[in-house]
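So the structure is just underneath, and the comments pick up after that.
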Amino acid sequence: VLVHNHPSGDPTPSAEDARMTVEVARAAEVVGVPLLDHVVVGGGRQASLFELGLLERRG
Numbered sequence: 003v004l005v006h007n008h009p010s011g012d013p014t015p016s017a018e019d020a021r022m023t024v025e026v027a028r029a030a031e032v033v034g035v036p037l038l039d040h041v042v043v044g045g046g047r048q049a050s051l052f053e054l055g056l057l058e059r060r061g
């Protein structure tokens, strides 16, 4: 699971967050470690890329 914050307070994943998540998921798959989720936090809220349909779980 990846987690990072948005200091702006808006936890909405950016296009760059989604792109980086796909790259990390591919790299993790190569070494046999599934990426289960990427959570963005900000302003006391969170957003899950998996729940938003931006990350497909494999393995």
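Under the numbering used here, read the sequence shown as residues 3 to 61, first letter to last.
Cβ atoms here follow ideal geometry from the backbone N, Cα and C, with glycine treated the same way.
- V43 is bridged by DSSP to N7 and Q48.
- Residue burial annotation: P9 is exposed, with fewer than 16 other C-beta atoms found within 10 angstroms of its C-beta.
- DSSP places T14 in no alpha helix (DSSP H); its state is neither H nor E.
- Take V26, set aside five residues on each side of it, and the residues of its chain with a beta-carbon closer than 8 Å to its own are L4, L37 and H40, in chain order.
- V42 is classed as buried because its beta carbon has at least 16 other beta carbons within 10 Å across all chains shown.
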